[in-house]
Structure formats: structure tokens, C-alpha cells
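Counting from 1168, one number per residue, gives the positions in the sequence shown under the numbering used here.
Just so you know, even glycine gets a beta-carbon here, dropped at the ideal spot from N, CA and C.
For reference, the structure discussed in these notes is given below.
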Amino acid sequence: MNKPMAIFSVADFSTYHILHNTRLIICLLSLLATACAPSQQPNQQHNQQQKHTGAVFEGQDLEAAESMEQLAKAKRIRDAHPGREIYLSTCATCHEQGVAKAPHTGMIGMMTPEAVLRAMNAGLMQTESQILTETERLQVAEYLAGSELGEPQPEPAPQCKGDAAAFDRTSPPAFNNWGLDLKNTRMIPASAQPLSAKDFSQLELKWAFAVPGANRIRSQPALLGGALYFGGHDARVYALNAQTGCIRWTFEASGEVRTGIVAETFIKADEFEAADPQLFFGDVLGNVYAISAITGKLNWRHRPDGHPNATITGTPSYYDGLLLVSISALETGPPTNPAYECCKFRGSVVAYDASNGEVKWQSYAVFDPPTAKGINRSGTQQYGPSGAAVWNAPAVDVARRQVYFGTAENLSSPATKTSDAIFAVDLDTGLVRWTFQGTPNDAWNGACGTVQDDNCPEENGPDYDMAAGIILAHLSNGRDLVIGGQKSGVVHALDPESGRVIWQNPVGRGGVQGGIHFGMAAAGDTLYVPVTDMPDGREYSEPARPGLYALDMKTGDVIWKQPAPTDICKGRDFCHPGISQAITAAPGFVMAGAMDGVLRVHDENTGKVLWHYDTTQSVTSLAGLQTSGGSMGGGAGPISANGMLFVSSGYGLYFHMPGNAMLAFGKPASESE
1168 MNKPMAIFSV ADFSTYHILH NTRLIICLLS LLATACAPSQ QPNQQHNQQQ KHTGAVFEGQ
1228 DLEAAESMEQ LAKAKRIRDA HPGREIYLST CATCHEQGVA KAPHTGMIGM MTPEAVLRAM
1288 NAGLMQTESQ ILTETERLQV AEYLAGSELG EPQPEPAPQC KGDAAAFDRT SPPAFNNWGL
1348 DLKNTRMIPA SAQPLSAKDF SQLELKWAFA VPGANRIRSQ PALLGGALYF GGHDARVYAL
1408 NAQTGCIRWT FEASGEVRTG IVAETFIKAD EFEAADPQLF FGDVLGNVYA ISAITGKLNW
1468 RHRPDGHPNA TITGTPSYYD GLLLVSISAL ETGPPTNPAY ECCKFRGSVV AYDASNGEVK
1528 WQSYAVFDPP TAKGINRSGT QQYGPSGAAV WNAPAVDVAR RQVYFGTAEN LSSPATKTSD
1588 AIFAVDLDTG LVRWTFQGTP NDAWNGACGT VQDDNCPEEN GPDYDMAAGI ILAHLSNGRD
1648 LVIGGQKSGV VHALDPESGR VIWQNPVGRG GVQGGIHFGM AAAGDTLYVP VTDMPDGREY
1708 SEPARPGLYA LDMKTGDVIW KQPAPTDICK GRDFCHPGIS QAITAAPGFV MAGAMDGVLR
1768 VHDENTGKVL WHYDTTQSVT SLAGLQTSGG SMGGGAGPIS ANGMLFVSSG YGLYFHMPGN
1828 AMLAFGKPAS ESE
């Protein structure tokens, strides 16, 4: 196939890819049009915070101005791409109007151009794409993905051979679920044989894996059978030999696999020699998958929500044959178009029979289906209530037979009492037992603060999702707590029987991207809280407080804090201090990957940095090519097991540094023998 000559700068088009599909950029675009945050009508809680610039390091205002200029230039270049006219004339009628099962362009933009092209050539869009020529399909794929189709690349790693390719049935999963246990504590158990605090000074990079064509890696791996499993921006799931990084097999999904991979548990015993455990995950297009951990063969697949913008962000949780899946959506961006009928999505958690994909129950975070609520200024029908997406991994309380999860903001009026909330639902039926709301009247979407704000809800809330995975903590005094971290920066500790507040602590200042973003960790009586407090175009009444905090879970008081360094980002585009990525605890230390691209290992008792590694440095991948990480964001926290450390880096979205590196560290051979 002859690839058409590009009419744009690769660097400029890549800039658009980095900035594409972000809530933050909606605000920056409107700043270019001289209308943004100052025109908002925030609720009282939000208004109290609208006075402080919140700049985290020198040069922030200059960087924002330069970034807006880059964005405007990149957008002009992208709009001139030949794929745009083909898309508008052939595809937009379905993908821009909310037609069932036709994802909005914002969702397709999450994929690599290679993955979009595969969908048109041999995937779900094959029939619809037959009217386009080969060149036209390529141009549409590049336009939608916001980046050029790369030149053919070598395989990202050698194929495993011999014993390296064999699944070890004597090696069950190193830990359970995204939260490393059912309670989402993100504490690595000693049985997983993680590194010790003294091991870090001896660590060396064993291998680096780069996903072809990717600008991010945000899927937390699973470890079992001697393999490391994770999902890629290129819509593939990779099974690698954990020791060497060679490829055992790959599985091709329909869209980017951003969730972590969860493994079905099995026991190390003779009678389980024939075990064929399943792996579970979701993709950005809203599909849930179960595949064989040994072969990668598809066992079942299901799309639990019919909304065209439904997506799976939070990693599924597995317990006793039941798979719990959180349902989110990318419906914040489409309302920027006044002709979009906003909004109809409702967040939920779905329980599957893990063996066959049968739905056992579905619990909605907005109880009533949306209905017509009048028209906006442009004459477009509006709907509500809506939203309250669930984009964190559910926690399981076996003793109480309860499931806990957090919800996002409402997308349209009227605001409900179940947005920005913590839910407790019955494990067996999905019936709601109690809810707690962190921020009332938080209805918000991407139209708010823009020139064309026709679809902005009247509440115009602060967008303070209950974002981090909910934790069930058991304290030394016998008390249990349900703990949630919110983008407002507040930690909430609740009674698991009733949802009653035990204590609260506003650790961070808060913001559109947190506050507290993807995941905290709990060990003993201590809660470890990452705070990002990234500048977001708003003004706040108090300064940002990015960094890592340790709280006494008995009282909520701060034990120690380790502010984020502010000097690393000087000279780095799209770099910010603070911690957005989920953190991970282990005996003696806490691991935190930051938005500045540096992984830091902290002493659990003092917060002192014991070891650090800059993932943005260039390394040689298993394919023999140079690659590097970037910002460390999303739910893919660092993990350690069997004497190794695995770190994913790169987050080329939402104004963060792109990167493409799965890094494996271990002790020198003489030390590990």
C-alpha cells in the first residue's frame, strides 16, 4: 500500500494527539475565544475556592500560553487533513449524533491510527467502510486518531521459545484484583515476594517493552503462570515472560485496553494441573472480555451498556466466580456541540457469572432513566438525570456481602444525590444499601465555561468525582472503615454498616484532575494519599498541595507529608509535579509514580525517598529501538512480586507527557540467585 504524503508536521500532529480529548483543553480552547472559567456560575462550594492561581511551579502561566498556541496550531493542521472531509461526508451522521453502538469521535480518538484502520479493514467497521478506498480509510484513521500511521515496526519483543513460552501452573496469581486484594488496599502481600526496602539500591533495568505506535501505557499488569499480562494503546493484550519480556501470545481487542488485567484465581495443587484460568479486562469502546491466560483464546465478550459512548475505565474485580465491572462513559465532550442531545448515559456496576458472561445484576448510580427535560438555547432536546459514571475498581466486603464503588458528576440537570458518591450495594443482588455524597449539586460537562455553553447544566458544578478506588480498611482497634478519595482533595472515612461519616480530611486543594485521582493505599492503620492538584485554568482560594501524605486512619490526622518536587519539570513540556497515578504499598515502603515521570519509593514511616528512577530517560526496548516513559498516570500503579518491579510509564493525554515504556527491574543475577 502506498501511503499518501503527509500535509502536516508530524510534531504538530503529535501535539494534537497529546492534547486530544481532554476536559482541560475544553477550557483552554475557550480561553482562546476569550471565555472560560470567569464566566462560570459555580455552586457555593466551588465559588469559595475560585481566588487562587494554584500555580505549582515557576513559568506556569507562560507554559499555559505556549500550550494554547500549540493547540490552536495543531487544531488548524488537523482540520486541514484530507481525512476530515471524508469523515464528515461518510461517517459523521452516525458518530456525531449518538447513534447506538456508534462511538463519538472523542472515543475513537483514544485509539491508535493502526487500531482504527484494523477496525475498518477487518473489524467491527468493515461493512460500513467498504465504500471507501484503501487510501481514504487510511486518511480517516489518521484524522480520527489525531496522529500519523507509523512506518512498519519490528515486533516489540522476540517470541518466547521452549520453557519460556510455557504456562507454569504451580504459579497462581501474585495478588487479587487491581487493589491487590478484595478490599482495594493496594498493599502487596508478603506472599507475593515483593522487593524489600534495601533491595532498591541494587536494582537494575532487566528489560523494556514498547507498545507499537503508542503514546501511553495505563494498564496495570497481572502476574501468574510466570507471565506478565497487560493491555496496550494499540488494542492488544500482551502475555510476556515476566523474567525476560519475550512474547508468549497477544490478543487483539476492539479498542485500547486501558483497564488493568484481572486473573481468575487457582490453587497451587496437583488436582489443578489442568487449570485454565481466565483473564478479564475491558476496552475503551465499552466491551468486557474473558480470555484464556494460557493461550489468549477468547472465551466470552459482552458490551453491558448500549450507550454509544460507554467505556470501561476501572479494572474489573473478581470474587468467587463473580466478575464486577464498572461502567463509565466519555460523554463529557460531545455536549460541547450545541446540537448534541445531552445527556443519556447512567453509570453502573454489572455483575457477571465469570464462567460464561451471563449478567447476574446491574446496579445503576442514577436510579431513574433520563427523560426529556426541555430544549437548550439552540433548540436541541435535553435529557436528565444522567452521568454518575463509575470509573474505579469495586471493592468487595465478604463479611457484609457488600460491594463499594465511587461515582462521578452528573452530566445534565437535574443533579442527583448519587453523583460524587460512595455506594454500598448487596453483593448478591446489586440492591443499594446506602450512599454517601461528597459534593452536592455537581452537574457538569465539557460545554461549561465555553463560548457555546448551551448544554452546560444549570448547576455548573466543579466536577469533583469520587475518583480513587474505594478502600475497605480493617484497623488494629477492630474498627472497619470505608474510605474514598475525591478529586476535591478530600478523604472521606465512613462506617461500612451505615455510610455515616467517621472523619474527613481535605488533604489536597482539588481540581478537575484532582485532588485525589486514581488510587490510595492502606497498610496497617496508615492510609497513603497521593495528591496531584494540577493547574487547570481555574482560580482557587488556597495553594496547590501536590505530593504524598500519610494519614492515621483512626483519626484522619496527617502523620507525615512529602511535597512534590517542583524543579523536575523545568524544561519539560506537558510536565507537572504531583501524583495522579494509583500508588502501591509494600512492607516497609510506598511506591508512587508522578506526573513528572519519576517513580519514587518512600519509607513507610517517614516519607523519605529511598530510591527514585526517571522513566523519561531513553532506554533500548526489546525490539532494539529507543523508547522512554513520560507522565505516570491512570490506574496502572507500580507492582512488585517474585523479586522484580514492574513499572508502566507514559500518559499522552490530558496535557501530560507522552511515553511508551513497560519497565522491568530486578536485582543483579549474583544477588538474586
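**Message:** DSSP three-state label for V1516, please.
**Reply:** In the structure shown, the three-state DSSP call for V1516 is strand.
**Request:** Using alpha carbons as the reference points, say which of G1628, A1660 and N1408 lies closest to Y1578.
**Result:** For the record, residue 1578 in the displayed sequence is Leu; it is not Tyr. Here the closest residue by C-alpha is G1628.
**Prompt:** For the putative contact between F1685 and S1747, defined by C-beta atoms under 8 Å, what is the C-beta separation to the nearest angstrom?
**Reply:** About 6 Å; that satisfies the 8 Å criterion.
**Request:** Using a threshold of 8 Å, state whether the C-beta atoms of A1560 and N1351 are closer than that.
**Result:** Against a cut-off of 8 Å, the Cβ pair of N1351 and A1560 comes out as a contact.
**With 16 other Cβ atoms within 10 Å as the buried cut-off, status of P1835** = By the beta-carbon neighbour count (other beta carbons within 10 angstroms, threshold 16), P1835 is exposed.
**Request:** Report buried or exposed for C1203, applying the criterion of at least 16 other Cβ atoms within 10 angstroms of its Cβ.
**Result:** Residue confidence for C1203 is low, a pLDDT of 34 falling below 50, so the modelled location carries little weight; the figure read from the coordinates is stated next. The residue in question, C1203, is buried, as its Cβ has 16 or more Cβ neighbours within 10 Å.
**Request:** Give me the Cα-Cα distance between C1623 and M1762, rounded to the nearest whole angstrom.
**Result:** Going by the C-alpha atoms only, they are around 30 Å apart.
**Prompt:** Going by Cα to Cα distance, which pick from T1583, R1285, Q1604 and E1322 is closest to L1305?
**Reply:** Measuring from the Cα of L1305, the nearest candidate turns out to be R1285.
**Request:** Compare the C-alpha of D1692 against each of G1656, V1698 and A1752 and name the closest.
**Result:** That would be A1752, whose Cα lies nearest to the Cα of D1692.
**Message:** Residues in the same chain with beta-carbon distance under 8 Å from L1661, minus the five sequence neighbours each way, listed in chain order, please.
**Reply:** Hits under 8 Å: I1589, F1603, L1648, V1649, I1650, G1651, R1667, V1668 and I1669.
**Message:** I need the straight-line Cα distance from L1820 to N1612, nearest angstrom please.
**Reply:** Each residue's Cα considered, the two are about 18 Å apart.
**Message:** Going by the DSSP bridge assignment, what does N1354 pair with across the sheet?
**Reply:** Asn is not the amino acid found at residue 1354; the sequence shown has Met there. Within the DSSP bridge table, the entry for M1354 names A1752 as partners.
**Item:** Rounded C-alpha distance that separates P1379 from D1401
**Value:** If you draw a straight line from the Cα of P1379 to the Cα of D1401, it is about 7 Å long.
**Request:** Grab the span of the beta strand (DSSP E) containing L1311 for me, first residue to last.
**Result:** In the DSSP annotation of this structure, L1311 is not part of any beta strand (DSSP E); the continuous alpha helix (DSSP H) holding it starts and ends at E1301 to A1312.
**Message:** Between the alpha carbons of C1510 and G1541, how many angstroms are there, rounded?
**Reply:** About 12 Å.
**Prompt:** Just checking my contact of H1474 with A1506 at CB under 8 Å: how many whole Å lie between their CB atoms?
**Reply:** Contact flag wrong, Cβ pair sits at about 18 Å.
**Message:** Considering only DSSP beta bridges, list what E1525 is partnered with.
**Reply:** Looking at the DSSP output, E1525 shares a beta bridge with D1520.
**Prompt:** If you follow the alpha helix (DSSP H) that S1256 is part of, which residue opens it and which one closes it?
**Reply:** Bounds of the alpha helix (DSSP H) holding S1256 are P1249 to T1257.
**Request:** Take the Cβ of V1768 as the centre, count every other Cβ of all protein chains shown within 10 Å, and call the residue buried at 16 or more, exposed below.
**Result:** That one is buried.
**Message:** If I follow the unbroken beta strand (DSSP E) through A1717, where does it start and stop?
**Reply:** Here the beta strand (DSSP E) through A1717 covers G1714 to D1719.
**Item:** Touching by the beta-carbon criterion (3+ pairs, under 8 Å), the segment 1442-1457 and the segment 1483-1495
**Value:** Result yes; three or more Cβ-Cβ pairs closer than 8 Å.
**Top-ranked residue by Cα proximity to G1514, from V1424, T1478 and S1807** = Minimum Cα distance to G1514 is reached at T1478.
**Message:** If you measure between the beta carbons of T1927 and T1480, is that distance less than 8 Å?
**Reply:** Since the first residue shown for the chain is 1168 and the last is 1840, residue 1927 is missing from the structure and cannot be characterised.
**Message:** Taking CB distances under 8 Å as the criterion, tell me whether R1567 reaches chain C.
**Reply:** Looking at the structure shown, chain C is missing, and only one protein chain is on hand.
**Message:** Measuring only the C-alpha atoms, how far is E1303 from N1288?
**Reply:** Using only the alpha carbons, I get a separation of about 12 Å.
**Prompt:** Would the beta-carbon of D1443 fall within 8 Å of that of S1545?
**Reply:** For the pair D1443 and S1545, the CB atoms are not nearer than the 8 Å cut-off.
**Prompt:** Under a Cβ-count criterion, where at least 16 other Cβ atoms within 10 Å of its own Cβ denotes burial, should A1178 be classed as buried or exposed?
**Reply:** Unreliable placement is indicated for A1178, whose pLDDT of 42 sits below 50; no coordinate value is reported for it.
**Prompt:** Do you know how far the Cα of N1504 is from the Cα of T1547?
**Reply:** Separation of T1547 and N1504 (C-alpha to C-alpha, rounded to the nearest whole angstrom) is 10 Å.
**Message:** Between G1764, A1269 and S1580, which has its C-alpha nearest G1826's C-alpha?
**Reply:** Of G1764, A1269 and S1580, the smallest CA-CA separation from G1826 is found for G1764.
**Request:** Specify the secondary structure class of E1484 as computed by DSSP and reduced to three states.
**Result:** Contrary to the premise, residue 1484 reads as Ser rather than Glu in this sequence. In this structure, S1484 counts as strand in the three-state DSSP scheme.
**Message:** DSSP three-state label for P1325, please.
**Reply:** The answer is coil: DSSP assigns P1325 none of H, G, I, E or B.
**Prompt:** Exposed or buried, which one is S1314 when buried takes at least 16 other CB atoms within 10 Å?
**Reply:** Buried, by the Cβ-count rule.
**Message:** Give me, in chain order, the residues of the same chain whose beta-carbon lies closer than 8 Å to that of Q1793; leave out the 5 immediate sequence neighbours on both sides.
**Reply:** Excluding positions up to five away in sequence, the list reads S1785, V1786 and T1787.
**Asked** Going straight from the alpha carbon of P1471 to that of L1766, what length do you get?
**Response** Their backbone Cα atoms lie some 36 Å apart in a straight line.
**Message:** On the criterion of 16 or more Cβ atoms from any shown chain inside 10 Å, does D1632 qualify as buried, or is it exposed?
**Reply:** In the assembly as shown, D1632 is a buried residue. Its beta-carbon has 16 or more other beta-carbons within 10 Å.
**Message:** Measuring alpha carbon to alpha carbon, tell me which residue in G1804, A1389, W1416 and L1299 is nearest P1339.
**Reply:** Nearest option by C-alpha distance: A1389.
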